[in-house]
Amino acid sequence: MADKLNNYIENLRRREDDLMIALHQAEQAKSQFLANMSHEIRTPMNAIIGMSYLTLRTELTARQKDYINKIHQSSTSLLKILNDIMDFSKIESGKMHIENIKFELKNIVENSIQYISIQAQEKGLEFVCRIPPKAPSHIKGDPLRLSEIISNLADNAVKFTEKGQVVIDVSPVGRVDNRVKLQFSISDTGIGMNKEQQKNLFVSFMQADSSTTRKYGGTGLGLPICKNLAELMGGKLEFTSEPDKGSNFIFTAWFEIAKGKSEIPKIMPHMIEGKKIMIVDDNCAARFTFREYLISMKFQTLAISSGEEAILETKKADTEDPFDVVFVDWEMNSGIDGIETAIEIKNSVEHVPKIVLLTISPEEDIYHEYSYCIDDVLVKPVSQSMIYDCLVNLFSPEYKETTNKHIFSEEDYGLSGFKVLLVEDNDINLQIATELLESQDIDVSVAKNGKEAIKLFSDMPSNSYDLILMDLQMPVMDGFEATRQIRGKDKNIPILAMSARTMVEEKQNI
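So the sequence shown is numbered by my numbering: it starts at 511 and just counts up by one.
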């Protein structure tokens, strides 16, 4: 009897072991399938997005530009759906990995909303992003996942709002030793939701109701993913909403405080120190945020809500303590607009202040058309560093030459003359990467597999390249082996991996 029982237990153990092995193999097969699917879909998607972007930089007719813009927007939307599906699969299988790397909070938040703010501009929405000066400038955490949550929630806010505003607010709400708890609020004045619609909000593949899917699209995965990511970062995602009044989504996450230099110096340059500044904006959130930034830089500050009041205050102060700068919103809902305000101020005071026009419409001819009454233009949402740069430019001797740099100028990343070795086997990806690099006046050498890359690297004198961009999946010799051999020759050369695969295992191999 005892022998039979022992045999039975042993058989159960073997079956359990076999099941565990089968489960492990199934998980590996699923991970491999997801990695391959990601690679096979992302590669052509990258070609469509990249080529449409390059085409938009060329001379086009209005109709051609419209067509290419729609291709670019649609392909970007399709990539977002793919990202949602991949993230959902990782979360479901427990393979979502949270990084812990140093990054600058302001940059991540502003980059997350860059394109969404353009969509808000196109809809005529006020778009405000507030990062208070007391928030840590540098933190450690997962910048990619943080950016994903912010962009998802901000995109929804703009999508479901036809008039009014979208406000993003970041604030520290807790601290333990060297860790800080940050709260991110994304509020809107959109369509809102009733109690019934709110019930299914965090259920995967479901939206508030079927009419929402028909009108606005989407997979219904965005919010469940955001909720899971916030929880993986030690926080949570909550919301409040009222029909026809709007919604407010609030998520928290924990980060480690890191050392880093702020873009804004603690001591202001002498040419702008102590300046007296007025902000004129009828939007309360925008006005409050602007005022907070100026006060933190220790400027004398007055914030008012109408052009008429601005003219009155400017005249009152003119004889004894005149204003140095007036920032005025172009489009205000009541009374005179920003241009009329600027003209009246210019014509009615002896000590004429510098006047900066605030606008949500980044059109190239704004400054040139109104240069007779304004000194600069800032496109909303306005950051603290934009204000600082604007003031320095206004009061530097050469400011007239640098005026209006805050809009439209081609991005210059200071990479002119850099030498880059680009290793990529896909012809279209190679063309896109080469043209983007050369647009920054970077000297590009090209290899189509790891073997060619090693030969190019070995044939050149040491320190010839400033950077290597290395694709990982290539014929003849892949990026892993090529990197190992190059590292044997030079341990200091920066090598950035490029891959269409997004699974954790890929990063671990790197």
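Glycine residues also receive a C-beta, built at the ideal position from the N, C-alpha and C atoms.
In this text the structure is predicted, and so the values were computed from the model without any measurement.
- In the structure shown, the three-state DSSP call for M703 is coil.
- Here DSSP, grouped into helix, strand and coil, assigns M896 to helix.
- Two segments are said to touch when three or more pairs of C-beta atoms, one from each, lie closer than 8 Å; by this definition the region 765-779 does not touch the region 823-838.
- Looking only at T811, A795, F598, the smallest Cα-Cα distance to E783 is reached by T811.
- Look at the region 920-992 and you find these whole runs of beta strand (DSSP E), each 3 residues long or longer: 929-933, 953-957, 977-981.
- In this structure, the straight-line span from the alpha carbon of L947 to that of I846 is close to 46 Å.
- Per the DSSP secondary-structure output, S906 pairs with nothing in a beta bridge.
- Each of G604, L615, K786 was checked against the Cα of K771, and the nearest Cα belongs to L615.
- Within a 10 Å sphere around the beta-carbon of Q574 sit fewer than 16 other beta-carbons, which makes this residue exposed.
- Cβ-Cβ distances below 7 Å link D885 to K864, I865, V866, L904, T913 in the same chain, with the five nearest sequence neighbours on each side left out; the list follows chain order.
- For F798, the enclosing alpha helix (DSSP H) stretches over residues 794-806.
- Cβ contact annotation for E991 (same chain, cutoff 7 Å, sequence separation greater than five): G960, in chain order.
- Looking at the DSSP output, F761 shares a beta bridge with F694, L747.
- Rounded to the nearest angstrom, the gap between the Cα atoms of V690 and P642 is 14 Å.
- One thing to note: M980 has its Cβ within 7 Å of the Cβ of V933.
- DSSP lists T811, V835 as the bridge partner or partners of I787.
- Ranking F759, R524, G745 by CA distance to the CA of I696 puts F759 first.
- Comparing alpha-carbon positions, the option among P653, I978, N843 lying closest to N621 turns out to be P653.
- Q675 counts as buried, since at least 16 other C-beta atoms from the protein chains shown sit within 10 angstroms of its C-beta.
- For N857 and G756, the gap between their C-alpha atoms comes out near 42 Å.
- C639 and E962 have their C-alpha atoms roughly 47 Å apart.
- Relative to K890, the option among S881, I767, C900, S871 whose CA is nearest is S871.
- Contact between the region 785-805 and the region 827-846 is established, with three or more Cβ pairs separated by less than 8 Å.
- Fewer than three pairs of CB atoms, one per stretch, sit closer than 8 Å, so the region 521-537 makes no contact with the region 561-570.
- Of the other Cβ atoms in all chains shown, 16 or more fall within 10 Å of the Cβ of L804; this residue is therefore buried.
- Sequence-distant partners of H648 (beyond 5 residues in either direction) whose C-beta falls short of 8 Å from its own C-beta, in its chain, are K612, F613, E614, L615, I767, A768, K769, G770.
- For D935, the CB contacts under 7 Å within the same chain, skipping 5 residues up- and downstream, are K958, N959, D981, M984, P985 in chain order.
- Going by DSSP, V866 is part of no alpha helix (DSSP H) but of the beta strand (DSSP E) stretching over 864-869.
- Looking at the backbone, the Cα of I678 and that of F694 are separated by about 7 Å.
- According to the DSSP secondary-structure assignment, M1008 is paired through a beta bridge with D981.
- The region 551-566 makes contact with the region 584-595: 3 or more CB pairs, one atom from each, lie closer than 8 Å.
- In the three-state scheme derived from DSSP, where H, G and I count as helix and E and B as strand, P682 is classed as strand.
- Secondary-structure assignment with DSSP links Q675 through a beta bridge to E636.
- The beta carbon of R655 sits closer than 6 Å to those of L739, all from its chain and outside the five residues before and after it, given in chain order.
- In the three-state DSSP reduction, G770 falls in the coil class, being neither helix nor strand.
- The closest CA to that of V790, considering only M807, A813, T799, is found on A813.
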